[in-house]
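Colleague: Pasting a structure below so you can have a look.
Spelled out as structure tokens, the structure:
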């Protein structure tokens, strides 16, 4: 039977840290740590919390030997520094509070609807999606029981699962082509079975590259790319492809380079510029209104899954939860939200009693 001390030892080995280093980092004497590791004294709660933080492991696991069923195991879309060739999620610490609020919204809703098993590769995923899935990407993912949350305040896209149900979190960026790539990237993590892909985690760089490759093949399939007459294509045709495929000029340029496909010099110059500039100057599909700005507005709107909001409405009516989380999901003041609530004299449900006692 493993002990807390043996699990701490294993975590130390995984982190490549010596006992003396760990003791210094968590404010323990080397002797106290040694005795705790050997079962001659117990670990204090604060000591275990500090050890878990330093070694980047789950404190629940250190104590019980089992993963915390309520812990968020996050994968993220990393930024990439060309000079250092390193990936990072600089806003992670600031994002955690919002991500925990999202987790709480799921926990308060009760067990989520059962999802369907995701396919194992990009080709199968494309076959499940609508042929023109990019324009309503989020809606088509919802049909496959993949939840998408769009919310202000997070610095990048994330993915995780809640009781087996896949969830993707997006920032309210207003940048629809960045959003499409983020959706495809995080979908790649989910389809490929990646969990906890955060800078510093095991094989995170390889998993990030795999998710990017998934996104590239989903949004810009190699067979489709090679079928285009790139050398003779004009700017209007390229603009139409950018709009239809829902990608940025930068993403298209990188994909062309990766496949060794060469457009004419005029198109190459345009792809070195911004997506907005190409579309505003050369896309001919905007005959009525301003669909480009329309896409931007859509990508900047707060969004939570319909089933999650409906579940909160039902539990509010049962008296199991208050209306504060639903108001937060909708982005409105709690006092302005008119929902059915139990009367003052109503008997509390079992769920409500559990919530009060828990």
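Numbering (the working numbering), first residue to last: 11 to 368. Glycine included, each C-beta is placed from N, C-alpha and C at the ideal position.
According to DSSP, residue 145 sits in a beta bridge with which residue or residues?
Modeller: Taking the chain shown and counting its residues from 1, one reaches residue 145 at position 135. Answer is none; residue 145 lacks a bridge partner.
Colleague: Does the beta-carbon of residue 123 have 16 or more other beta-carbons within 10 angstroms, so that it is buried, or is it exposed?
Modeller: Counting from one through the chain shown, the residue named residue 123 turns up at place 113. Per the 10 Å Cβ criterion, exposed.
Colleague: Please report the straight-line C-alpha distance between residue 36 and residue 56, rounded to a whole angstrom.
Modeller: By 1-based counting over the chain shown, the position of residue 36 is 26. By 1-based counting over the chain shown, the position of residue 56 is 46. Between residue 36 and residue 56, the C-alpha separation is close to 9 angstroms.
Colleague: In the structure shown, what three-state DSSP assignment does residue 180 receive?
Modeller: Against the chain shown, residue 180 aligns to sequence position 170. Strand, per DSSP.
Colleague: Taking all protein chains shown into account, do 16 or more other C-beta atoms lie within 10 angstroms of the C-beta of residue 349, making it buried, or fewer, making it exposed?
Modeller: As a working mapping, residue 349 is identified with position 339 in the chain shown. Classification for residue 349: exposed.
Colleague: Is the separation between the beta-carbon of residue 69 and that of residue 58 shorter than 8 angstroms?
Modeller: In the chain shown, the residue the question calls residue 69 occupies position 59. In the chain shown, the residue the question calls residue 58 occupies position 48. Yes.
Colleague: Looking at the strands, I want to know which residues DSSP matches up with residue 224.
Modeller: On the chain shown, residue 224 is found 214 positions in, with the first residue counted as 1. Answer by DSSP bridge pairing: none, since residue 224 is not bridged.
Colleague: Under three-state DSSP, which class holds residue 130?
Modeller: In the chain shown, counting from the first residue as 1, residue 130 sits at position 120. It is coil, neither helix nor strand.
Colleague: Could you check which residue in 333, 331 and 327 has the C-alpha nearest to that of residue 352?
Modeller: Start at 1 with the first residue of the chain shown, and residue 352 comes out as number 342. Looking at the Cα atoms, 327 is the closest of the given residues.
Colleague: State the DSSP-derived secondary structure class of residue 355, mapped to helix, strand or coil.
Modeller: In the chain shown, the residue the question calls residue 355 occupies position 345. A caution first: residue 355 carries a pLDDT of 41, below 50, which makes its placement in the model unreliable, though a value can still be read off. Coil, per DSSP.
Colleague: Residue 172 lies in the beta strand (DSSP E); which residues open and close that run?
Modeller: Working through the chain shown from its first residue, we reach residue 172 at position 162. Start and end: 168-172.
Colleague: Within 10 Å of its beta-carbon, does residue 48 have 16 or more other beta-carbons around it, so buried, or fewer, so exposed?
Modeller: Residue mapping note: residue 48 aligns to position 38 of the chain shown, counting from 1. The residue in question, residue 48, is exposed, as its Cβ has fewer than 16 Cβ neighbours within 10 Å.
Colleague: Does residue 367 come out as helix, strand or coil in the three-state DSSP assignment?
Modeller: Start at 1 with the first residue of the chain shown, and residue 367 comes out as number 357. Unreliable positioning characterises residue 367 in this predicted model, as indicated by a pLDDT of 45, which lies under 50. The coordinate reading is nonetheless provided below. Of the three classes helix, strand and coil, the one that applies to residue 367 here is helix, per DSSP.
Colleague: For residue 18, which residues in the same chain have their Cβ closer than 7 angstroms to its Cβ, ignoring the five residues on either side in sequence?
Modeller: What you label residue 18 is simply residue 8 of the chain shown in a count that begins at 1. These residues qualify, in order along the chain: 47, 61 and 72.
Colleague: Which full runs of the alpha helix (DSSP H) of 4+ residues lie inside the stretch 280-321, going along the chain?
Modeller: Within the stretch 280-321, the complete alpha helix (DSSP H) runs of at least 4 residues are 285-292 and 301-308.
Colleague: Relative to the C-alpha of residue 247, which residue among 265, 234, 132 and 294 is closest?
Modeller: Here residue 247 is taken as the residue at index 237 of the chain shown, counted from 1. Of 265, 234, 132 and 294, the residue nearest in Cα terms is 294.
Colleague: Are the Cβ atoms of residue 346 and residue 196 separated by less than 8 angstroms?
Modeller: Here residue 346 refers to the residue found at position 336 of the chain shown. Here residue 196 refers to the residue found at position 186 of the chain shown. For residue 346 and residue 196, no; Cβs fall outside 8 angstroms.
Colleague: Between which two residues does the alpha helix (DSSP H) containing residue 192 stretch?
Modeller: The sequence position of residue 192 within the chain shown is 182, counting from 1. It spans 186-201 - the alpha helix (DSSP H) in which residue 192 sits, taken as one unbroken run.
Colleague: Might you give, ordered along the chain, the residues of its own chain that have their beta carbon closer than 6 angstroms to the beta carbon of residue 21, omitting 5 neighbours on each side?
Modeller: Counting from one through the chain shown, the residue named residue 21 turns up at place 11. Answer for residue 21: 65 and 67, listed in chain order.
Colleague: What separation, rounded to the nearest whole angstrom, lies between the Cα atoms of residue 214 and residue 87?
Modeller: Against the chain shown, residue 214 aligns to sequence position 204. Against the chain shown, residue 87 aligns to sequence position 77. Distance between the alpha carbons of residue 214 and residue 87: 11 angstroms.
Colleague: Is there a Cβ of chain C sitting closer than 8 angstroms to that of residue 33, yes or no?
Modeller: Of the chains in the structure shown, none is chain C; there is only one protein chain.
Colleague: Residues in the same chain with beta-carbon distance under 8 angstroms from residue 310, minus the five sequence neighbours each way, listed in chain order, please.
Modeller: Reading the chain shown from its first residue, position 300 is the one you call residue 310. Closer than 8 angstroms at Cβ, skipping near neighbours: 182, 183 and 184.
Colleague: In this structure, how does DSSP classify residue 208 when only helix, strand and coil are distinguished?
Modeller: Residue mapping note: residue 208 aligns to position 198 of the chain shown, counting from 1. Correct three-state label for residue 208: coil.
Colleague: Can you tell me which of the three DSSP states residue 91 falls into?
Modeller: Start at 1 with the first residue of the chain shown, and residue 91 comes out as number 81. It is a strand residue.
Colleague: With 16 as the cutoff for other CB atoms within 10 Å, does residue 118 come out buried or exposed?
Modeller: Taking the first residue of the chain shown as 1, we reach residue 118 at position 108. Under this definition residue 118 is a buried residue.
Colleague: Measure the beta-carbon distance from residue 190 to residue 144 and round it to whole angstroms, keeping in mind my assumption that it falls under 8 angstroms.
Modeller: On the chain shown, position 180 is the one that residue 190 refers to. On the chain shown, position 134 is the one that residue 144 refers to. About 6 angstroms; that satisfies the 8 angstroms criterion.
Colleague: Mind reading off the beta-carbon distance from residue 321 to residue 120? Whole number of angstroms is fine, and I expect it under 8 angstroms.
Modeller: Here residue 321 refers to the residue found at position 311 of the chain shown. Here residue 120 refers to the residue found at position 110 of the chain shown. Sure, about 6 angstroms apart at Cβ, within 8 angstroms.
Colleague: Where does the unbroken beta strand (DSSP E) through residue 96 begin, and where does it stop?
Modeller: In the chain shown, the residue the question calls residue 96 occupies position 86. 96-98 is the span of the beta strand (DSSP E), which, as asked, contains residue 96.
Colleague: Can you grab the Cα-Cα spacing for the pair residue 340 / residue 162, in whole Å?
Modeller: Translated into positions along the chain shown, residue 340 becomes position 330. Translated into positions along the chain shown, residue 162 becomes position 152. Answer to the nearest angstrom: the Cα atoms are 12 angstroms apart.
Colleague: Could you tell me the boundaries of the beta strand (DSSP E) in which residue 158 lies?
Modeller: The residue you call residue 158 lines up with position 148 of the chain shown. Residue 158 -> beta strand (DSSP E) spans 157-161.
Colleague: Could you give the first and the last residue of the continuous alpha helix (DSSP H) run that contains residue 40?
Modeller: One-based indexing of the chain shown puts residue 40 at position 30. Segment 40-47, the alpha helix (DSSP H) holding residue 40.
Colleague: Please name the residue in 329, 230 and 165 whose C-alpha comes closest to that of residue 251.
Modeller: Taking the first residue of the chain shown as position 1, residue 251 is located at position 241. If we check each option's Cα against that of residue 251, 230 comes out closest.
Colleague: Provide the residue(s) that pair with residue 85 in DSSP beta bridges, ordered along the chain.
Modeller: The sequence position of residue 85 within the chain shown is 75, counting from 1. Beta-bridge pairing links residue 85 to 169.
Colleague: In or out: residue 259 buried (at least 16 other Cβ within 10 Å) or exposed?
Modeller: Taking the first residue of the chain shown as position 1, residue 259 is located at position 249. Its Cβ being crowded by 16 or more others within 10 Å, residue 259 is buried.
Colleague: Quick one: residues in its chain with C-beta nearer than 8 angstroms to the C-beta of residue 269, no 5 flanking neighbours on either side, listed in chain order?
Modeller: For the purposes of this step, residue 269 is identified with residue 259 of the chain shown, where counting begins at 1. Excluding residues within five positions, the ones whose Cβ falls inside 8 angstroms are 232, 235 and 236.
Colleague: Does DSSP put residue 66 in a helix, in a strand, or in coil?
Modeller: Residue mapping note: residue 66 aligns to position 56 of the chain shown, counting from 1. Coil.
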